[in-house]
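From first to last, the protein sequence lines are chains B and X. Numbering-wise (my numbering), the first sequence opens with residue 1000 and increments by one. Numbering-wise (my numbering), the second sequence opens with residue 1000 and increments by one.
There are 2 protein chains.
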Amino acid sequence: MNHYPAPIIRVIHNFGKLPGIGGKTAERLAMHLLNAPEADCLELSASIGALKKSVGLCSQCFALSDGDLCKICASPVRDRAILCVVENQADMVAIEKSGAYTGLYHLLGGLLSPMDNIGPNDIRIRDLISKIEKNTIREVIIATGTNVEGESTASYISTRLSGYPLSITRIASGVPMGGDLKYVDQVTLKKAMEARHAL
Amino acid sequence: MNHYPAPIIRVIHNFGKLPGIGGKTAERLAMHLLNAPEADCLELSASIGALKKSVGLCSQCFALSDGDLCKICASPVRDRAILCVVENQADMVAIEKSGAYTGLYHLLGGLLSPMDNIGPNDIRIRDLISKIEKNTIREVIIATGTNVEGESTASYISTRLSGYPLSITRIASGVPMGGDLKYVDQVTLKKAMEARHAL
């Protein structure tokens, strides 16, 4: 790396800090930028520089947003009576990509984890409850992950919401589509057997 | 990708243009930057923005440099009587990393390739000759690659320099170190047999 001029070493060093980008890749990216049109290089620089300044959280669902409300909360076609509770932006985007959901979201910003000292006050459960009290909500779908933290958070939220007049549902667990049964773990198979349905 | 606010989509789009970075990786990098400290994000942006402005070519060897002379040409400890002719910066860096060379370089900026209409005037052969005429040079090591273009460029340069009082050498070809003979191609083995030496 010392065989390059300082400005190139600086770019290689900064690229190398990104996840999944090692020294060799950082070097190749810097060399690519040197040969790329100046406009592309400046556009990449400007877009990264503007990123954190122009992105905040939606005041309703706490998803990433460049305005007060995110596109989903601002959309007139989404069903405002259904709320899908997810851990974070990535999970929300995954559900959006599936195209199977047309309601609103609520991002917790974390999952309950006593081991890491994360309790109910550290994630947005109070916001969820006040949202339910203020709006007419028919159904809350709890779409946290199926690991220990996700399951316990789902169970906690379901208990906290049990007094409200709405249905509380959980996304189904089972064998993934296209999955080969012999590669599926035992707990998933057990869940899939328990939740079997008539054809 | 449409599930993100515009500034994030812009960063994902720009990252996606880099070599070896697909949509998924670009998304992960953008998400990482959103969670990274603002200073890291701005530093990455600034370093990329400054890259092309602050890097030019060394006036002597044509390597990338942030000044008039690159670090190697400006160094007082390098042997100025030996010149290593390479195709580009990457080849020069590879030789520097080996630590086996202490002379100066000359970057051709390409290789002869009649198929692509690249002739002797399109690469820096004239600069090489005028450098040899103006300076006291004892040896020219031709370190172009061992593919067709590299070999023909080496042969052309060796013919053009034959009238000057200096020794012209070519880097050795043979079996790579740590190489298993059964995986080495026939042409390389033939070269290695021809260039065998006493132990």
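Heads up, the beta-carbon is just placed ideally off N, CA and C, and yes, glycines get one too.
- Message: Does LEU1143/X pass the burial test, meaning 16 or more other C-beta atoms within 10 Å, or should it be called exposed?
- Response: Here the question's residue 1143/X lines up with position 144 in the second sequence. Note that residue 1143/X corresponds to Thr in the displayed sequence, not to Leu. Under this definition THR1143/X is a buried residue.
- Item | Boundaries (first-last residue) of the alpha helix (DSSP H) holding ILE1045/B | Taking the first sequence and counting its residues from 1, one reaches residue 1045/B at position 46. What sits at residue 1045/B in the sequence shown is Ala, not Ile. Counting along the chain, the alpha helix (DSSP H) containing ALA1045/B begins and ends at 1037 to 1053.
- Item | Backbone secondary structure at CYS1083/X - three-state DSSP | Taking the first residue of the second sequence as position 1, residue 1083/X is located at position 84. In this structure, CYS1083/X counts as strand in the three-state DSSP scheme.
- Query: Does the stretch 1073 to 1080 of chain X touch the stretch 1069 to 1080 of chain B, meaning 3 or more C-beta pairs lie closer than 8 angstroms?
  - Reply: no
- Message: 8 angstroms is my cut-off, CB to CB: does ILE1122/B come that close to chain X?
- Response: The residue labelled residue 1122/B in the question sits at position 123 within the first sequence. Taking Cβ atoms only, chain X never reaches closer than 8 angstroms to ILE1122/B, which makes this a no.
- In the structure shown, what three-state DSSP assignment does TYR1182/X receive? If you number the second sequence from 1, residue 1182/X lands on position 183. Reduced to three states, the DSSP call for TYR1182/X is helix.
- Since THR1145/B and SER1172/B are thought to touch, with beta carbons under 8 angstroms apart, how far apart are those beta carbons, to the nearest angstrom? Within the first sequence, the letter at position 146 stands for residue 1145/B. Within the first sequence, the letter at position 173 stands for residue 1172/B. Correct: roughly 5 angstroms between the Cβ atoms.
- Please check if any C-beta of chain X sits within less than 8 angstroms of the C-beta of CYS1040/B. Position 41 of the first sequence, counted from the start, is the residue given in the question as residue 1040/B. Taking Cβ atoms only, chain X reaches closer than 8 angstroms to CYS1040/B, which makes this a yes.
- Query: Can you list the residues of chain X that LYS1096/B reaches, using a CB-CB cut of under 9 angstroms?
  - Reply: If you number the first sequence from 1, residue 1096/B lands on position 97. Chain X residues near LYS1096/B: HIS1002.
- Message: Strictly below 9 angstroms CB to CB, what residues from chain X border GLU1037/B?
- Response: Within the first sequence, residue 1037/B is the residue found at index 38, counting from 1. Close to GLU1037/B, with beta-carbon spacing below 9 angstroms, are these residues of chain X in chain order: LYS1051 and LYS1052.
- Are any of the Cβ atoms in chain B nearer than 8 angstroms to that of PRO1164/X? Counting from one through the second sequence, the residue named residue 1164/X turns up at place 165. By this cut-off, PRO1164/X is not an interface position.
- Query: Can you find at least 3 beta carbon pairs, one from the stretch 1052 to 1064 of chain B and one from the stretch 1101 to 1111 of chain B, that sit closer than 8 angstroms?
  - Reply: Yes, the stretch 1052 to 1064 of chain B is in contact with the stretch 1101 to 1111 of chain B.
- Message: I need the DSSP call for SER1097/B, collapsed to helix, strand or coil.
- Response: For this step, residue 1097/B is matched to residue 98 along the first sequence. In the structure shown, SER1097/B sits in a helix (DSSP, three-state: H, G or I).
- Message: Please report whether the beta-carbon of HIS1031/B lies at a distance below 8 angstroms from any beta-carbon of chain X.
- Response: Walking along the first sequence from the start, residue 1031/B turns up at place 32. Interface residue, yes.
- From TYR1163/X, ILE1047/X, ILE1141/X and ALA1153/X, residue whose alpha carbon lies closest to that of GLU1042/B: Taking the first sequence and counting its residues from 1, the one referred to as residue 1042/B is at position 43. Selected option, being the one with the closest Cα: ILE1047/X.
- Message: Considering just the uninterrupted stretch of the beta strand (DSSP E) at THR1168/X, what are its terminal residues?
- Response: Working through the second sequence from its first residue, we reach residue 1168/X at position 169. 1166 to 1169 is the extent of the beta strand (DSSP E) around THR1168/X.
- Query: In the structure shown, what three-state DSSP assignment does ILE1136/X receive?
  - Reply: Taking the first residue of the second sequence as 1, we reach residue 1136/X at position 137. Of the three classes helix, strand and coil, the one that applies to ILE1136/X here is coil, per DSSP.
- Query: Quick one: does THR1090/X have its CB under 8 angstroms from some CB of chain B?
  - Reply: Taking the first residue of the second sequence as 1, we reach residue 1090/X at position 91. Note on residue identity: the sequence assigns Asp, not Thr, to residue 1090/X. Taking Cβ atoms only, chain B never reaches closer than 8 angstroms to ASP1090/X, which makes this a no.
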